[in-house]
Amino acid sequence: MKNFFARYEFAATLRGPTKGALIAILVATQTGCVAPMTTREAQGIAQQRLVKYCNGRCGAVTLGHTQKIKSRWLVDFEAPRQKFTVIVENDGNTRVTVWDKATLR
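When you read off a place in the sequence shown, starting at 1, and then add 7, the result is the number in my numbering.
Now the structure itself:
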């Protein structure tokens with residue numbers, strides 16, 4: 008158990024401004040983890056999920072419309088024969104919904 012706490016001896020020996028600066032740096036680096044997801048982040052996650060979902064079978068896919076509804080992002084994509092909506096939750100979970108264009112007309 009002593010080896011576990013040995014890692015934290017450095018932080019315990021810091022005093023004054025140095026300790027404050029270290030805490031400020033740690034807080035600044037961790038706030039990115041809890042910040043709200045941006046449109047670009049949601050589109051990037053959705054694009055990766057759609058590539059994994061299609062596995063090269065969907066043809067050329069283009070980005071359509073992106074909108075935020077409550078705590079999730081809806082990212083629309085279009086392919087030659089299908090439309091896709093990828094739902095991206097704030098925690099990064101995704102779900103793909105597919106519509107066949109032939110039945111939409």
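Backbone N, C-alpha and C define an ideal beta-carbon position, used for all residues, glycine too.
Model, not experiment: these values are computed from the prediction.
Per-residue burial, Leu70 [other beta carbons within 10 Å of its own, 16 or more giving buried]: Label assigned to Leu70: exposed.
Closest Cα partner of Val105 within the set Tyr60, Ala42 and Gln55: Tyr60
Residues that DSSP places opposite Ile52 in a beta bridge: None, per the DSSP bridge assignment.
Proximity of Pro87 and Gly63 at Cβ, strictly below 9 Å: no
Cβ-based neighbour list, Lys90, same chain, cut-off 6 Å, excluding 5 preceding and 5 following: Trp106
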